[in-house]
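In the numbering used here, the protein residues as written are 944 to 1070.
Note that the Cβ used here is the ideal one computed from N, Cα and C, for glycine as well.
Here the structure is a predicted model, which means the values were calculated and not measured.
Heads up, the thing below is written out as structure tokens.
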Amino acid sequence: MSAYLLADFIAACSKPGEVVPTRGAILTARTDFGLATGTELLGFVSSGGLEQPTLISTKPWKNNPNPSTRIDVDAYAFFSGTRFGYIAFLRQPATTKWLVKSFKRNTEPDPRNLSMLEAFRKKGLIQ
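Take a look at the structure:
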């Protein structure tokens, strides 16, 4: 079960100052998705760029600056055209701001490819 409503996070991405991407998220958004700035990253999310988002996990934030207050991180897999992506975000209760912790190409096998490979195996086209 997710800690946050994905729709709330996506809506916040369209509001200036509500969501802050980390430097690491901006860097991998640039290299993996061609999104040059944090503003472009947030515009991508708010305009429906996360196709078929699927919750991967909800875990406590490892780098929480205030460990006495639990802050969870939601991680999602998504598609963007032919790209398979990963986004992780949290909401900082002290400021009520959202933080995009991670935004990158998903290194897990693309399930669309796995299902295609399985279909080929069933037809005896590959081993």
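- Taken through DSSP and simplified to helix, strand or coil, residue 958 comes out as coil.
- The continuous beta strand (DSSP E) containing residue 997 extends over residues 994-1003.
- In the DSSP annotation of this structure, the continuous segment of the alpha helix (DSSP H) that includes residue 981 starts and ends at 981-989.
- By the beta-carbon neighbour count (other beta carbons within 10 angstroms, threshold 16), residue 1031 is buried.
- The Cβ-Cβ distance between residue 957 and residue 989 falls below 8 Å.
- Short of 6 Å from the beta carbon of residue 964, and not among the five residues preceding or following it, lie these beta carbons of its own chain, in chain order: 981, 984, 1043.
- Secondary structure remark: continuous beta strand (DSSP E) runs of at least 3 residues inside the stretch 1015-1043, in chain order: 1015-1023, 1026-1035.
- Within the same chain, and ignoring the five residues on either side of residue 960 in sequence, the residues whose Cβ sits closer than 8 Å to its Cβ are 1040.
- Counting only the Cα atoms, residue 1003 lies some 12 Å from residue 945.
- A direct Cα-to-Cα measurement between residue 975 and residue 953 gives close to 20 Å.
- In the same chain as residue 1023, and ignoring 5 residues on each side of it, the C-beta atoms closer than 7 Å to its own belong to 976, 992, 994, in chain order.
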